[in-house]
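> Input: one structure, supplied below.
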Amino acid sequence: MVVRIRLSRFGNRHQPFYNIVVAQARSARDSKPLEVIGTFNPIPQRPTNLSEQEARRAKAYKEISLDRSRARYWLGVGAQPSDSVWKLMTLVRLPLLRRRLSISTTVTDDDCEIITTRLTHCC
Numbered sequence: 008m009v010v011r012i013r014l015s016r017f018g019n020r021h022q023p024f025y026n027i028v029v030a031q032a033r034s035a036r037d038s039k040p041l042e043v044i045g046t047f048n049p050i051p052q053r054p055t056n057l058s059e060q061e062a063r064r065a066k067a068y069k070e071i072s073l074d075r076s077r078a079r080y081w082l083g084v085g086a087q088p089s090d091s092v093w094k095l096m097t098l099v100r101l102p103l104l105r106r107r108l109s110i111s112t113t114v115t116d117d118d119c120e121i122i123t124t125r126l127t128h129c130c
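Here the sequence shown stands for residues 8 to 130, where the numbers follow the working numbering.
Dropping the structure here:
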């Protein structure tokens, strides 16, 4: 069972909203996930608690919320993030490996040492 961390689209037409979900790799995009670990709103929002002039000058932001402990758990179990989720996880500063090992790659002792040193320095 290959598990992936990916985006599941919600919202209306021209107003997308995504859930960051853990699902089986072969299941449909909007099917029932194993777990919802976060959300992503790609439409830029301006802060609402500022005055009108300050709000115009303030930089718009895209809202990302992610349960870091559950994301670390699923990554530790072997879930593979999609490319878009990979970028979002780096934006929320979740420590990830720089280089992903593919299934066809032969893991040697040198690779294991590199992975453990990177993980100890990141966390």
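Virtual Cβ for every residue (Gly too), placed ideally from N, Cα, C.
(1) Taking all protein chains shown into account, decide if methionine 96 is buried (16 or more other Cβ within 10 angstroms of its Cβ) or exposed.
(2) Suppose the cutoff is 7 angstroms on Cβ atoms and the five residues either side in sequence are ignored; what does the same chain contact list for alanine 86 look like?
(3) With DSSP collapsed to three states, give me the class of lysine 69.
(4) For glycine 18, is the classification buried or exposed, using 16 other Cβ atoms within 10 angstroms of its Cβ as the cut-off for buried?
(5) With DSSP as the reference, please indicate the residues paired to serine 15 in a beta bridge.
(6) With a CB to CB cut of under 7 angstroms and the five nearest residues on each side skipped, what residues in its chain are close to phenylalanine 47?
(7) Short of 7 angstroms in beta carbon distance, which residues of its chain neighbour glutamine 22, apart from the five on each side in sequence? Order them along the chain.
(8) In the structure shown, what three-state DSSP assignment does valine 43 receive?
(9) Grouping DSSP H, G and I as helix and E and B as strand, with all else coil, what is valine 9?
(10) Could you please give the first and the last residue of the uninterrupted alpha helix (DSSP H) stretch that includes arginine 75?
(11) Given a threshold of 16 other Cβ atoms within 10 Å of its Cβ, counted over all protein chains shown, does glycine 83 qualify as buried or as exposed?
(12) Let's test the definition: count the other Cβ atoms within 10 Å of the Cβ of valine 92 and tell me whether it reaches 16, buried, or not, exposed.
Working from what's here:
(1) Along the sequence shown, one-based indexing puts residue 96 at 89. Answer is buried; the Cβ neighbour count reaches 16.
(2) The residue labelled residue 86 in the question sits at position 79 within the sequence shown. Taken in chain order, the residues that qualify are Val10, Arg11, Ile12, Val29.
(3) Against the sequence shown, residue 69 aligns to sequence position 62. Strand at lysine 69.
(4) The residue you call residue 18 lines up with position 11 of the sequence shown. The residue in question, glycine 18, is exposed, as its Cβ has fewer than 16 Cβ neighbours within 10 Å.
(5) Residue 15 sits at position 8 when you count from the first residue of the sequence shown. Asn26, per the DSSP bridge assignment.
(6) Taking the sequence shown and counting its residues from 1, one reaches residue 47 at position 40. Closer than 7 angstroms at the Cβ level, and outside the excluded window around phenylalanine 47, lie Leu14, Tyr25, Ile27, Ile71, Leu95.
(7) Position 15 of the sequence shown, counted from the start, is the residue given in the question as residue 22. Within the same chain, glutamine 22 has close Cβ partners Ile50.
(8) In the sequence shown, residue 43 corresponds to position 36, counting from 1. Looking at valine 43 - three-state DSSP - the assignment turns out to be strand.
(9) Position 2 of the sequence shown, counting from 1, holds the residue named residue 9. Coil at valine 9, not helix or strand.
(10) Start at 1 with the first residue of the sequence shown, and residue 75 comes out as number 68. First-last of the alpha helix (DSSP H) with arginine 75: 75-84.
(11) Residue mapping note: residue 83 aligns to position 76 of the sequence shown, counting from 1. Per the 10 Å Cβ criterion, exposed.
(12) Indexing the sequence shown from 1 puts residue 92 at position 85. It is buried - the Cβ of valine 92 has at least 16 other Cβ atoms within 10 Å.
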